[in-house]
Amino acid sequence: MSKTVTDEPSEADLDAVRDKYRAERDKRLRDDGNDQYVEPIGKFAHYLEDPYVPVVERDPVFDEVTVAFVGGGFAGLVAGARLKQAGIDDVRIIEKGGDFGGAWYWNRYPGAQCDTAAMIYMPLLEEVGHTPTEKYTKGPEILAHSKNIGSHFGLYENALLSTEVTDVCWDAERGRWVISTDRGDVFTAKFVAMGTGPLHRPKLPGIAGIESFAGHSFHTSRWDYAYTGGDSAGAPMARLANKRVGIIGTGATSVQAVPHLAPACKQLFVFQRTPSSIDVRNNHDIDPDWFEALEPGWQEEWKKNFTILQTGGYTDVDLVKDGWTDISKRIRDRVVANGEFTPEAMERAYHDSDDEKMAEIRARVNAIVDDPSTAEALKPWYRQLCKRPCFHDTYLQAFNVDGTHLVDTDGQGVERV
115 MSKTVTDEPS
125 EADLDAVRDK
135 YRAERDKRLR
145 DDGNDQYVEP
155 IGKFAHYLED
165 PYVPVVERDP
175 VFDEVTVAFV
185 GGGFAGLVAG
195 ARLKQAGIDD
205 VRIIEKGGDF
215 GGAWYWNRYP
225 GAQCDTAAMI
235 YMPLLEEVGH
245 TPTEKYTKGP
255 EILAHSKNIG
265 SHFGLYENAL
275 LSTEVTDVCW
285 DAERGRWVIS
295 TDRGDVFTAK
305 FVAMGTGPLH
315 RPKLPGIAGI
325 ESFAGHSFHT
335 SRWDYAYTGG
345 DSAGAPMARL
355 ANKRVGIIGT
365 GATSVQAVPH
375 LAPACKQLFV
385 FQRTPSSIDV
395 RNNHDIDPDW
405 FEALEPGWQE
415 EWKKNFTILQ
425 TGGYTDVDLV
435 KDGWTDISKR
445 IRDRVVANGE
455 FTPEAMERAY
465 HDSDDEKMAE
475 IRARVNAIVD
485 DPSTAEALKP
495 WYRQLCKRPC
505 FHDTYLQAFN
515 VDGTHLVDTD
525 GQGVERV
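Anchor point for the sequence shown: position 348 equals 462 in my numbering, and the numbering is continuous, going up by one each time.
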């Protein structure tokens, strides 16, 4: 994906770009910081409810296990699998959701998809015997894989699902951890490990009026298919055909959801504070015959290769070949070409490669989006890693769909609903 630059921008051009970066940054600075968000408690507590699995009544548990792991996402599943392989059978995963999957259990919005290659993102592929269907697998497949890991390694046997840990304390006299939950469980463990993450919890904007909005609303991490129609597998959201729909935000979730909303709605309004950088994804199906021919141990080799590239190491081989490794390779190639391996050279290489990449990304917006004013508003004016990079093949095209409107707030965000 890397390429040689033939027409280097002048210093005057780069100065103008960096002035633009500073101006765009300054208009977005906020004194309230993270206080601009509200916690999903009190009148917002309903945003935390699990719409997928009803809570089944059960008796509380009072026993002891060797290892208790809080969280049933990839961290808990991989840790549990490795412990089982090491001969530790009494492993217990405590998970708030109704099943394993972590972020992929909760986030079932249309278009949900990993943006790191499935070959390295989906754990234990060799152990479970799963072949990813495409380079960047979709949410339902990742969720199903999570469940398969749980079944394959017998992690359901001791698990406490639809259960939230409320207290973990050390009993020095017994030499054990005492774990309490919201289901009345009180049990002990020799070891406790934490695999909790933030993506199960809706991040709510503190926008005036969201609690009293008279229309139908929901958070993307609790997508309401009963209202929209469709499903997480991609069935059309037919119930939106005569609806005017607004989606607030243009981060990674919106980038994936908007291409599915645009053709489904009568009108779609995308409210933007800061545009995401949208690089090429180049997703494609994985050839099962090619996958079957891989040598045992391939996944560990791929992960090591990806890590080397991402951490600034040197290798001539790029097995993953995606937008993440492209960032690293552009920097490395410049340093190697100059033969100067110093911090200053690394910094210059970073700035030069970023200038090149962001110019490409802005040019891509011009090439895809038909309306010039919409295209201008969708251009990211910052360094690529200042905001989470996004990779998508149909997001920008969604703004060419009749009835899709970008509502650009010039860095200020939505003030009231």
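Ideal Cβ placement from N, Cα and C applies to all residues, glycine included.
DSSP-derived helix/strand/coil call for residue i
| i | result |
| --- | --- |
| D149 | helix |
| A226 | coil |
| V119 | Any answer about V119 is weak, because its pLDDT of 40 lies below 50 and its placement is not dependable; what the coordinates show is given next. Reduced to three states, the DSSP call for V119 is coil. |
| F305 | strand |
| P319 | strand |
| T342 | helix |
| G360 | strand |
| D399 | strand |
| R530 | strand |
| Y496 | coil |
| H330 | coil |
| N480 | helix |
| L408 | coil |
| P515 | Sequence inspection shows Val at residue 515; the Pro mentioned does not correspond to that position. Coil, per DSSP. |
| L313 | coil |
| E62 | No answer is possible for residue 62: it lies beyond the span of the chain, which begins at 115 and ends at 531. |
| S368 | helix |
| I475 | helix |
| L128 | helix |
| W536 | Limits of the chain in this structure are 115 at one end and 531 at the other, which puts residue 536 out of reach. |
| A349 | coil |
| G525 | coil |
| P377 | coil |
| Y219 | helix |
Paired residues, beta bridge with residue i - DSSP
| i | result |
| --- | --- |
| L520 | V384 |
| I392 | C504 |
Pair within 9 angstroms by beta-carbon distance, residue i and residue j
| i | j | result |
| --- | --- | --- |
| L375 | I392 | no |
| V184 | M308 | yes |
| Y341 | R358 | no |
| A463 | R444 | yes |
| V369 | H506 | yes |
| P224 | W337 | yes |
| R497 | Y135 | yes |
| L238 | I208 | no |
| Y235 | N397 | no |
| P494 | W438 | no |
| F214 | K141 | no |
| V372 | Y509 | yes |
| G216 | G194 | no |
| H333 | K210 | no |
| L257 | R222 | yes |
| N100 | V205 | Nothing about residue 100 can be read from this structure; the chain reaches only from 115 to 531. |
| Y161 | L318 | yes |
| A491 | D522 | yes |
| G527 | Q150 | yes |
| V175 | I202 | no |
| G525 | T388 | yes |
| P402 | T245 | yes |
| L128 | D469 | yes |
| G212 | S265 | no |
| A303 | V179 | yes |
| D229 | A366 | yes |
8 angstroms contact criterion, which residue i and residue j should meet: CB distance rounded
| i | j | result |
| --- | --- | --- |
| K157 | G268 | That pair is no contact at about 42 angstroms. |
| V434 | W412 | Not really, about 12 angstroms apart at Cβ, beyond 8 angstroms. |
| D177 | F301 | 5 angstroms |
| G532 | V170 | Nothing can be reported for residue 532, as the shown portion of the chain is limited to 115 through 531. |
| G323 | V531 | 4 angstroms |
| P154 | P254 | Between P254 and P154 the Cβ distance is about 25 angstroms, and since that is not below 8 angstroms, they are no contact. |
| L423 | D430 | Not confirmed; about 11 angstroms, so no contact. |
| A378 | A349 | So it is not a contact: roughly 10 angstroms between Cβ atoms. |
| R436 | A231 | Here residue 436 turns out to be Asp, not Arg, going by the sequence shown. Correct: roughly 5 angstroms between the Cβ atoms. |
| W220 | S331 | Not really, about 17 angstroms apart at Cβ, beyond 8 angstroms. |
Open item on the list: Give the list of continuous beta strand (DSSP E) stretches no shorter than 3 residues that lie fully inside the stretch 415 to 473.
Closed with: none
- [ ] With a floor of 4 residues, list each alpha helix (DSSP H) that falls wholly inside the stretch 224 to 302, ordered by position along the chain.
- [x] 232 to 235, 239 to 242 and 253 to 266
- [ ] Please list the segments of the beta strand (DSSP E) lying wholly inside the stretch 133 to 216, counting only runs of 3 or more residues, in order along the chain.
- [x] DSSP runs (the beta strand (DSSP E)) wholly in the stretch 133 to 216: 178 to 184 and 205 to 208.
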